[in-house]
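Visitor: The opening position of the sequence shown corresponds to residue 0 in numbering that gives the first Met the number 0, with each subsequent residue numbered one higher.
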Amino acid sequence: MFIRDYNQENEYIKAKKRVDEIKTFYKQLAVYVIINTFISTMKIRRNLLNGESFEEAFFDFGTFAVWIFWGIAIVFQALRLFGTDYFFGKEWERRKIEKFMGEEKDKRNRMLRS
């Protein structure tokens, strides 16, 4: 009985920690979007005031530099948190295989009905 309670409590603590990490990630992602939107807006505004056209101001590398470099860190954090399996793991493979098999079955059914 004690071991089962200990295992359940240990599993709960691990799950709670994972939920907290995911929550923190989404908060950081929101901060990333908000801060970078503000920085980009200020840079574009500054460039426009310096006489650049909107295209020149918008497509200036400095406008996107922070998005890119901070974004790389966000991607690595997401990979650490969700794992590469989330993107191209066994579950992803299974879903894709089922999708393609379903598409092939639909094609065969349509051909048989025609």
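Quick reminder that beta carbons are idealized off the backbone N, C-alpha and C, glycines included.
Could you check how far apart the C-beta atoms of TRP69 and ASN35 are, in whole angstroms? I think they sit under 8 Å.
Guide: Sure, about 7 Å apart at Cβ, within 8 Å.
Visitor: When you compare the CB positions of GLU20 and LEU78, do they come within less than 8 Å of one another, or not?
Guide: No. Outside cutoff.
Visitor: Run the CB neighbour count on THR62, radius 10 Å, all protein chains shown included, and call it buried at 16 or more, exposed below.
Guide: So THR62 counts as buried.
Visitor: Beta carbon of ALA56, beta carbon of ILE73: below 8 Å?
Guide: Not a contact, by the Cβ cut-off of 8 Å.
Visitor: Alpha helix (DSSP H) containing ASP105: first to last residue?
Guide: It spans 89-112 - the alpha helix (DSSP H) in which ASP105 sits, taken as one unbroken run.
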